[in-house]
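**Q** Dropping a structure here in structure tokens format, bear with me for questions.
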Amino acid sequence: MIKPGLKIGIVLSIILVLPSLFFSTYEIGNLSQNEAVIDSVYSSQMESILFSINQYADDVMSAWAHQLDRGGLEIEQVLEKNYSIDALAVIDSSQFLLYPKEKIGKDSIQTLKNYLKRSSLKNATKIKTLQRYLNTGYQKIEAINSDFKGKSLFVFARKLDSTSWQTVFIFLNTDKFILENFGPKIQIIAQNRFFISVFNADREVFSNVRHDEPEKNIRQKKDIWLFPGYQLGIQMKGNTIEDLVRKRTRTNIILLIVMDIILLLGAWFVYKSIRQQLRLTQLKSDFISNVSHEIRTPLALINMYSETLEMGRINSEAKKHEYYKVINTEANRLSRMVNKILNFNRIESGRREYHFVITNLNEEVEVILENYKQHLDQNGFEIVFSVKDSIPDILMDREAFSEAIINLMDNAMKYSAKLKRIEIVTESNAAYTCVKVRDFGIGIAAKEQHLIYDKFFRVSTGDLAHKVKGSGIGLSIVKHIMDAHQGKIDLHSESGKGSCFSLCFPNRKK
Ligand code: ADP
Numbered sequence: 001m002i003k004p005g006l007k008i009g010i011v012l013s014i015i016l017v018l019p020s021l022f023f024s025t026y027e028i029g030n031l032s033q034n035e036a037v038i039d040s041v042y043s044s045q046m047e048s049i050l051f052s053i054n055q056y057a058d059d060v061m062s063a064w065a066h067q068l069d070r071g072g073l074e075i076e077q078v079l080e081k082n083y084s085i086d087a088l089a090v091i092d093s094s095q096f097l098l099y100p101k102e103k104i105g106k107d108s109i110q111t112l113k114n115y116l117k118r119s120s121l122k123n124a125t126k127i128k129t130l131q132r133y134l135n136t137g138y139q140k141i142e143a144i145n146s147d148f149k150g151k152s153l154f155v156f157a158r159k160l161d162s163t164s165w166q167t168v169f170i171f172l173n174t175d176k177f178i179l180e181n182f183g184p185k186i187q188i189i190a191q192n193r194f195f196i197s198v199f200n201a202d203r204e205v206f207s208n209v210r211h212d213e214p215e216k217n218i219r220q221k222k223d224i225w226l227f228p229g230y231q232l233g234i235q236m237k238g239n240t241i242e243d244l245v246r247k248r249t250r251t252n253i254i255l256l257i258v259m260d261i262i263l264l265l266g267a268w269f270v271y272k273s274i275r276q277q278l279r280l281t282q283l284k285s286d287f288i289s290n291v292s293h294e295i296r297t298p299l300a301l302i303n304m305y306s307e308t309l310e311m312g313r314i315n316s317e318a319k320k321h322e323y324y325k326v327i328n329t330e331a332n333r334l335s336r337m338v339n340k341i342l343n344f345n346r347i348e349s350g351r352r353e354y355h356f357v358i359t360n361l362n363e364e365v366e367v368i369l370e371n372y373k374q375h376l377d378q379n380g381f382e383i384v385f386s387v388k389d390s391i392p393d394i395l396m397d398r399e400a401f402s403e404a405i406i407n408l409m410d411n412a413m414k415y416s417a418k419l420k421r422i423e424i425v426t427e428s429n430a431a432y433t434c435v436k437v438r439d440f441g442i443g444i445a446a447k448e449q450h451l452i453y454d455k456f457f458r459v460s461t462g463d464l465a466h467k468v469k470g471s472g473i474g475l476s477i478v479k480h481i482m483d484a485h486q487g488k489i490d491l492h493s494e495s496g497k498g499s500c501f502s503l504c505f506p507n508r509k510k
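Just so we're aligned, residue 1 is where the sequence shown starts under UniProt numbering, counting upward by one.
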């Protein structure tokens, strides 16, 4: 059969702990998925920003082609207006015209001329395709290979009339083009939210960020269509979206873990208190059966002896006297038992009242021993009482104190085996005045010492402890009495060697 405690544990796990742990695991899994989704949404958003910058470069080129087409600006004007264009060349079947910016030296002009001539031959097919496009109304600008470092070369076709064509080459300084055209566009797009930079290999050509700003770690990069080898990079400013998502995920995970810990603690608390209740219920039912047993013995004896006396069969006065004595002793035992239960009940319901008086501990113990001595003698106990002279008077409820000491002496008697000796010692220190009750009986195992003051608790292991009758409420009453006196109860005990209980009362303030 499954133990009730285990059963509660299983039920709590099934209805409380497992679902929430499942939920947490599921949520934590979801969070990292969400993180990936959000990350990809932002990646594509940044990608579209990069796309629009790329597109803008294309538009600038197309605008130039348009300006250079029929009806547009004069070649010199275009050259002058665009600081990044180093030279323009117009080629057709009859002529080759090169329009260089003044700063290009004579040698360079010749080299460029030769290069462009070779290029127009080399790219003849490409140029034919561009003319075909133009026929259908689409003027396309194409990048072609440039052997000049830092310069880019573009070509497009323009129509003079229905039969004659010209090929136009744009020779430009790539870095200047980027600074002149990308710069303002990037500033507008980036506003204050993104770092956008242009790189050529690892060299940063342009960035919207001033260099004293914190180091940026650009993760997302895209090639610039028009300029091979050049790349655009983008990153969010401040907290990147990755950081934000990671931070949020971390907070959520921490919250979930904290929630789980609280839940586990709660479940553990519920489990503990239910287990405690079950234990108490079990102890209560043991208590009822123990008390019934304890009451039955004196009742049976009283019954037997009184019946025998009633029948008038006993003639000897001495025998009669002995029978009356037994009846009396057993009746006293019964009444002590009933009083103990009533007192316990009063304590439990908070109705027990105490009447404190100033008194001397030595004197109190002496009176109790005088009354109790006969009972101890009858049971073959030797009692040794050593007093400490001149102990301070203390405040106590005399009746409650007597009840506590008798409980301790009763226990000392019940749990003593061969050596029937009880020592009572009074002593005093600066803070407390104490009385000790020592026996040489079975003692109490260390692991049970903290449980003996619990109501209904009884040690059930060991031969004598098992045989001896008791209710398990005596020490809980003693503890309550000492608490009411703001005193303390201490125990020194060793299995098999005996126990020594001390009741200590606080000294009165002077
Ligand atoms: P009980 O009526 O069972 O004696 P108590 O509350 O007085 O109940 O004591 C609780 C338990 O503590 C006892 O069942 C016993 O096992 C243990 N105990 C108390 N006093 C002694 C003692 N002097 N020696 C050994 N065990 C003791």
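Just so it is clear, CB atoms sit at the ideal spot from N, CA and C, and this is done for glycine as well.
Every value quoted in this text rests on a predicted model; they were computed, and no experiment measured them.
Gly498 by DSSP, collapsed to three states: which one?
**A** Gly498 sits in a strand when the DSSP states are folded into three classes.
**Q** Below 8 Å, how does it come out for the stretch 163-181 and the stretch 77-89: are there three or more Cβ pairs, yes or no?
**A** yes
**Q** So for Leu232, helix, strand or coil by DSSP?
**A** strand
**Q** Taking 7 Å as the line, does the beta carbon of Asn339 fall inside it for any heavy atom of ligand 1?
**A** no
**Q** Given a cut-off of 8 Å on the beta-carbon distance, is the pair Arg246 and Gln235 in contact?
**A** no
**Q** Between Tyr372 and ligand 1, is there a pair consisting of the residue's CB and a ligand heavy atom that are separated by less than 7 Å?
**A** no
**Q** Using the Cβ count rule (16 or more neighbours within 10 Å means buried), how would you classify Asn315?
**A** exposed
**Q** Is the closest heavy atom of ligand 1 to the C-beta of Asp439 under 7 Å?
**A** Asp439 Cβ: within cutoff of ligand 1.
**Q** I'd like the span of the alpha helix (DSSP H) that includes Phe22, first residue to last.
**A** Leu18 to Leu68
**Q** Answer with buried or exposed for Leu299, where buried requires no fewer than 16 other C-beta atoms within 10 angstroms of its C-beta.
**A** exposed
**Q** Mind pulling the beta strand (DSSP E) runs of 3 or more residues that sit fully within the stretch 352-392?
**A** 357-359 and 382-386
**Q** Can you check DSSP and say which residues form a bridge with Arg438?
**A** Glu423 and Cys500
**Q** Would you list the residues sitting across from Gly396 in a DSSP beta bridge?
**A** In the sequence as presented, Gly is not what sits at residue 396; that position holds Met. Its beta-bridge partners are Val357.
**Q** Report all residues from its chain with a CB closer than 6 Å to the CB of Ala65; omit the five preceding and five following residues, and keep chain order.
**A** Gln139, Ile141 and Phe156
**Q** Please determine whether the Cβ atom of Lys414 lies at a distance below 7 Å from any heavy atom of ligand 1.
**A** yes
**Q** Pick helix, strand or coil for His321, following the three-state DSSP scheme.
**A** helix
**Q** Quick test of the definition: if touching needs 3 or more C-beta pairs under 8 Å, does the stretch 455-462 touch the stretch 263-283?
**A** yes
**Q** Which two residues bound the contiguous alpha helix (DSSP H) that contains Thr125?
**A** Ala124 to Asn135
**Q** Suppose the cutoff is 8 Å on Cβ atoms and the five residues either side in sequence are ignored; what does the same chain contact list for Lys284 look like?
**A** Phe456
**Q** When every heavy atom of ligand 1 is checked, does at least one fall within less than 7 Å of the C-beta of Asn407?
**A** Taking the Cβ of Asn407 as the reference point, at least one heavy atom of ligand 1 falls within a distance shorter than 7 Å.
**Q** For Gln220, which residues does DSSP report across the bridge?
**A** Ile234
**Q** Between the Cα of Glu363 and those of Ser289, Val338, Pro392 and Ile341, spot the shortest distance and give me the residue it belongs to.
**A** Pro392
**Q** Identify the continuous beta strand (DSSP E) that holds Lys455 and give its terminal residues.
**A** Where Lys455 is concerned, there is no enclosing beta strand (DSSP E), given that its DSSP letter is neither H nor E.
**Q** Report the residue from Tyr26, Gln166, Met46 and Leu172 whose alpha carbon sits nearest the alpha carbon of Val78.
**A** Leu172
**Q** May I ask whether a heavy atom of ligand 1 can be found less than 7 Å away from the beta carbon of Leu278?
**A** No, Cβ of Leu278 sits at least 7 Å from all heavy atoms of ligand 1.
**Q** Less than 8 Å between the CB atoms is what I'm expecting for Asn343 and Ile477, so what's the real figure, rounded?
**A** 6 Å
**Q** With distances taken between CB atoms, is the gap from Phe195 to Leu116 smaller than 8 Å?
**A** With contacts defined as CB atoms closer than 8 Å, Phe195 and Leu116 fail to qualify as a contacting pair.
**Q** Is any non-hydrogen atom of ligand 1 found closer than 7 Å to the C-beta of Gly496, if you look at the structure I gave you?
**A** No, ligand 1 has no heavy atom inside 7 Å of this Cβ.
**Q** Who are the Cβ neighbours of Lys373 in its own chain at under 8 Å, not counting the five residues just before and after it?
**A** The beta carbon of Lys373 sits closer than 8 Å to those of Ile383, all from its chain and outside the five residues before and after it, given in chain order.
**Q** Identify which residue in Ile253, Asp202 and Gln378 has its Cα closest to the Cα of Gly233.
**A** Asp202
**Q** Just to confirm the assignment, what range does the beta strand (DSSP E) spanning Phe169 have?
**A** Trp165 to Asn173
**Q** If you draw a straight line from the C-alpha of Cys500 to the C-alpha of Val387, how long is it?
**A** In a straight line, the C-alpha of Cys500 is about 16 Å away from that of Val387.
**Q** Taking 7 Å as the line, does the beta carbon of Arg275 fall inside it for any heavy atom of ligand 1?
**A** Remark: the shortest separation between the CB of Arg275 and any heavy atom of ligand 1 does not fall under 7 Å.
**Q** Three-state secondary structure (DSSP) at Val468?
**A** coil
**Q** Strictly by DSSP, which residues pair up with Pro100?
**A** Answer is Ala87.
**Q** Regarding Phe381 and ligand 1, is the C-beta to nearest heavy atom distance less than 7 Å?
**A** no
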